[in-house]
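This note's numbering numbers the first residue of the sequence shown as 1 and each following residue consecutively.
Quick reminder that beta carbons are idealized off the backbone N, C-alpha and C, glycines included.
Working notes, beginning with the structure itself.
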Amino acid sequence: MIRWALAAGLCAALFALLTALVAARHGAPFGLDEEWHQWAVRHRPAVAVALARGITATGSGPVPYGLAVAAGLIAGRGTRGRAAAAAGALGFLLIAQAVRYAVMYAVARPRPPVADWAALATGFAYPSGHAATSALVAGLLAWAAWRTATPAAARLYGALAACWAVTVGLTRIYLGVHWPTDVLGGWLYALTWLTAAGAVAVAVAPESDVRIRHAL
């Protein structure tokens, strides 16, 4: 439990620090933000843009919520257990999303110039909703794999889920609708929730920590 609590504290501290820095600049982009954004704008062949749009679409809308429910159904045991796990996974995602919206409106960071967008986007920029949502769902999918698969398979499925989440976040930068620090903030936000959930899970069921270590 201590390791999970320390990880949650570290992620929360890093997210709070980045949020404070963004707010202190009134949402103005950092130098690295500008450099990555301009590179993306200059390197957009039609095929790459189409692929990025397809990938980015999986990070919002019904897909992540469906995956969260699926993770619960996979992780649960028995009819009631599956229903409870699915409801818990969906509830976890919804609560995290509600808090994220509160942070987003509090910071109110503007997005990059609309003329640079290669996809539609709404709302403020920080933290990236697609990045946070896909990372949260990737964590839920990894949890489902840890609950049901062998350690080797759980590592593989967890890595695949993480790659998907990272790719979704990167497409937001590539399509010009987020600054890189928006995406970094989304990832840190999701990691804070996931590691905190891990700490709670280990506190409630200490044997969970043993299995996680075997899976790693």
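Assign residue i to buried or exposed, taking buried as 16 or more other Cβ atoms, counted over all protein chains shown, within 10 Å of its Cβ.
{"i": "Val-177", "result": "buried"}
{"i": "Gly-186", "result": "buried"}
{"i": "Arg-111", "result": "buried"}
{"i": "Tyr-174", "result": "buried"}
{"i": "Val-107", "result": "buried"}
{"i": "Arg-109", "result": "buried"}
{"i": "Trp-39", "result": "exposed"}
{"i": "Trp-123", "result": "It should be noted that the sequence gives Gly, not Trp, for residue 123. Exposed, by the Cβ-count rule."}
{"i": "Cys-163", "result": "exposed"}
{"i": "Leu-120", "result": "exposed"}
{"i": "Ala-48", "result": "exposed"}
{"i": "Gly-91", "result": "exposed"}
Three-state secondary structure (DSSP) at residue i?
{"i": "Tyr-65", "result": "helix"}
{"i": "Gly-185", "result": "helix"}
{"i": "Val-202", "result": "helix"}
{"i": "Val-22", "result": "helix"}
{"i": "His-43", "result": "coil"}
{"i": "Thr-58", "result": "coil"}
{"i": "Arg-3", "result": "helix"}
{"i": "Arg-53", "result": "helix"}
{"i": "Arg-147", "result": "helix"}
{"i": "Phe-30", "result": "coil"}
{"i": "Val-177", "result": "coil"}
{"i": "Leu-120", "result": "coil"}
Cα separation between residue i and residue j?
{"i": "Ala-197", "j": "Tyr-101", "result": "19 angstroms"}
{"i": "Ala-89", "j": "Thr-58", "result": "18 angstroms"}
{"i": "Arg-3", "j": "Val-114", "result": "43 angstroms"}
{"i": "Thr-181", "j": "Glu-34", "result": "10 angstroms"}
{"i": "Ala-159", "j": "Gly-169", "result": "15 angstroms"}
{"i": "Leu-21", "j": "Leu-156", "result": "36 angstroms"}
{"i": "Val-183", "j": "Ser-128", "result": "5 angstroms"}
{"i": "Leu-194", "j": "Ile-95", "result": "12 angstroms"}
{"i": "Arg-147", "j": "His-130", "result": "26 angstroms"}
{"i": "Ala-28", "j": "Met-104", "result": "15 angstroms"}
{"i": "Tyr-126", "j": "Arg-25", "result": "13 angstroms"}
{"i": "Ala-9", "j": "Arg-80", "result": "With the sequence shown as reference, residue 9 is identified as Gly, and Ala is not the correct amino acid for it. Cα to Cα, Gly-9 sits roughly 33 angstroms from Arg-80."}
{"i": "Gly-78", "j": "Ala-7", "result": "32 angstroms"}
{"i": "Leu-93", "j": "Thr-133", "result": "8 angstroms"}
{"i": "Leu-17", "j": "Ala-23", "result": "10 angstroms"}
{"i": "Arg-44", "j": "Gln-97", "result": "31 angstroms"}
{"i": "Ala-218", "j": "Ala-144", "result": "One cannot answer for residue 218 here, as it falls past the ends of the chain, which runs 1 to 216."}
Could you tell me the boundaries of the alpha helix (DSSP H) in which residue i lies?
{"i": "Ala-125", "result": "It is not in any alpha helix (DSSP H) - Ala-125 carries neither H nor E in the DSSP assignment."}
{"i": "Pro-151", "result": "151-174"}
{"i": "Gly-88", "result": "78-107"}
Who are the near neighbours of residue i in its chain, counting only those whose CB is closer than 7 angstroms to its CB and skipping five residues on each side?
{"i": "Thr-171", "result": "Ala-52, Ile-55 and Thr-56"}
{"i": "Phe-15", "result": "Gly-185, Leu-188, Tyr-189 and Thr-192"}
{"i": "Leu-30", "result": "In the sequence as displayed, the identity of residue 30 is Phe instead of Leu. Closer than 7 angstroms at Cβ, skipping near neighbours: Thr-181."}
Given residue i, which residues of its chain have a CB within under 6 angstroms of its CB, disregarding the five upstream and five downstream residues?
{"i": "Ala-85", "result": "Gly-72, Ala-75 and Gly-76"}
{"i": "Val-137", "result": "Pro-64, Leu-67 and Ala-68"}
{"i": "Ala-135", "result": "Ala-165, Trp-187 and Ala-190"}
{"i": "Trp-117", "result": "Gly-176 and Val-177"}
{"i": "Ala-142", "result": "Gly-158 and Ala-161"}
{"i": "Ser-60", "result": "His-130"}
Which residues in the same chain as residue i place their Cβ atom closer than 8 angstroms to its Cβ, once the five residues preceding and following it in sequence are excluded?
{"i": "Leu-32", "result": "Pro-180 and Thr-181"}
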